[in-house]
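Structure, as structure tokens:
Residue numbers (this note's numbering): 4 to 371.
See the structure below:
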């Protein structure tokens, strides 16, 4: 596959050109205005940040992207899908509360915030995939699939399972409905933590397949009946229903790449990575450690694989921040992400993305 163009600018600013203006100029240089936005619905996929985490992207960046889209005639909205795990983004209402508290509200971004897979995480579109190994029909948040154009605005950072989180992680995992996230993380079927279960039966009431069974005031899921929709996770008042998280990290990365294909295929898409506050773990954590490397800059491309590759290379060229998780790690892998999370293999995500045709691991870097 031919090398793709990736555009870069650093984080230096002047009184004439601040960082938000600089990002807009970077987007223009990368060809953003080649997209026909006229009267098109545009999903701007961001990570709103788990409450307590402060490494997520400031909403000012999203506001700049959305204002640019509106000037070009588009109808943007910022969006994300619900999570599998317990926290502030488990359902659509809590998720909106968390997004608003972190600044992703119309007063800051100038656009509406939409939880793409609905209140209970079951508003999804089944997207057929060809040429993929692990996913034949991806489960994507409905509002994201309703959009005519997809723009990803990504905080590039480390990740405890994928190695790093960038454009592919934000698009693939982030756009999956609850059932989609379960498909990526595990064989697709939840279990019930018996010590937390109170036997209320809400899981049994919502299941269309009679999988949860109540016995001795405790619920148990019959795996042979379960279809892995994840609806029981959303309704449990005690968060006793959890996914297994049993997939190997490489398989997780392969599925993330295939889900990304489902999101971007057959429609215009563009991607921006901000390599700042490079925390060792995902913004899904309710906390963040200090960055593992200094702030690097902003990258943009039509190719999400090349974009993530360029960012990973840029991070690996940096020295560790003193006292960071990277500085404290046994740096024997000659790779910052593997040093921080030795069980991960971030390259598998990008190599598989190239294999299924969503981008190239080769890139030409243009510095602005």
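Ideal Cβ placement from N, Cα and C applies to all residues, glycine included.
Flag this pair as yes or no: are the beta carbons of residue 333 and residue 319 separated by less than 8 Å? Taking the first residue of the chain shown as 1, we reach residue 333 at position 330. Taking the first residue of the chain shown as 1, we reach residue 319 at position 316. The Cβ atoms of residue 333 and residue 319 lie no closer than 8 Å to each other.
From residue 29 to residue 22, what distance separates their C-alpha atoms? Locating residue 29 in the chain shown gives position 26, counting from the first residue. Locating residue 22 in the chain shown gives position 19, counting from the first residue. Near 10 Å, if we compare the C-alpha coordinates of residue 22 and residue 29.
Cβ of residue 360 within 8 Å of Cβ of residue 113? Taking the first residue of the chain shown as position 1, residue 360 is located at position 357. Taking the first residue of the chain shown as position 1, residue 113 is located at position 110. Taking 8 Å as the Cβ cut-off, residue 360 and residue 113 do not qualify as a contacting pair.
Give me, in chain order, the residues of the same chain whose beta-carbon lies closer than 8 Å to that of residue 3; leave out the 5 immediate sequence neighbours on both sides. Missing from the structure shown is residue 3; the chain here goes from 4 to 371 and no further.
Of all the beta strand (DSSP E) runs that stay within the bounds of the segment 292–323, which reach a length of 3 or more residues? If we require 3 residues or more, the beta strand (DSSP E) runs fully inside the segment 292–323 come out as 300–304.
C-beta contact flag for residue 72 and residue 62 at 8 Å: Working through the chain shown from its first residue, we reach residue 72 at position 69. Working through the chain shown from its first residue, we reach residue 62 at position 59. No, the Cβ-Cβ distance between residue 72 and residue 62 is not below 8 Å.
Residue 257 - partner residues in DSSP beta bridges: Taking the chain shown and counting its residues from 1, the one referred to as residue 257 is at position 254. Answer by DSSP bridge pairing: none, since residue 257 is not bridged.
For residue 301, which option in 5, 4, 14 and 7 has the closest C-alpha, if you only look at C-alpha atoms? Here the question's residue 301 lines up with position 298 in the chain shown. When the alpha-carbon of residue 301 is set against those of 5, 4, 14 and 7, the nearest one is in 14.
Can you find the residues in the same chain that come closer than 6 Å, C-beta to C-beta, to residue 279, ignoring five residues on each side of it along the sequence? Position 276 of the chain shown, counted from the start, is the residue given in the question as residue 279. Taken in chain order, the residues that qualify are 298.
Are residue 362 and residue 283 touching if we call contact CB-CB under 8 Å? Position 359 of the chain shown, counted from the first residue, corresponds to residue 362. Position 280 of the chain shown, counted from the first residue, corresponds to residue 283. No, the pair does not count as a contact, with Cβ atoms beyond the cut-off.
Closest residue to residue 45 among 137, 371, 155 and 214 (Cα-Cα distance): Taking the chain shown and counting its residues from 1, one reaches residue 45 at position 42. Taking residue 45 as reference, the option from 137, 371, 155 and 214 with the minimal CA-CA separation is 155.
Between residue 268 and residue 177, what straight-line distance do the alpha-carbon atoms span, to the nearest angstrom? The residue given as residue 268 occupies position 265 in the chain shown. The residue given as residue 177 occupies position 174 in the chain shown. Distance between the alpha carbons of residue 268 and residue 177: 16 Å.
Please say whether residue 167 and residue 105 have beta carbons closer to each other than 8 Å? As a position in the chain shown, residue 105 is number 102, starting the count at 1. As a position in the chain shown, residue 167 is number 164, starting the count at 1. Result no, Cβ atoms of residue 105 and residue 167 do not sit closer than 8 Å.
Simplified DSSP state of residue 59, which is helix, strand or coil: Your numbering for residue 59 matches position 56 in the chain shown. Reduced to three states, the DSSP call for residue 59 is coil.
Within 8 Å, strictly: CB atoms of residue 371 and residue 11: The count along the chain shown starts at 1 and reaches residue 371 at position 368. The count along the chain shown starts at 1 and reaches residue 11 at position 8. In this structure, the beta-carbon distance from residue 371 to residue 11 falls below 8 Å.
Near residue 289, which residues of its chain fall below 7 Å by C-beta distance, leaving aside the five closest residues on each side in sequence? Counted from its first residue, the chain shown places residue 289 at position 286. If you ignore the 5 residues before and after residue 289, its C-beta comes within less than 7 Å of the C-beta of 53, 54, 55, 56 and 90, all in its own chain and listed in chain order.
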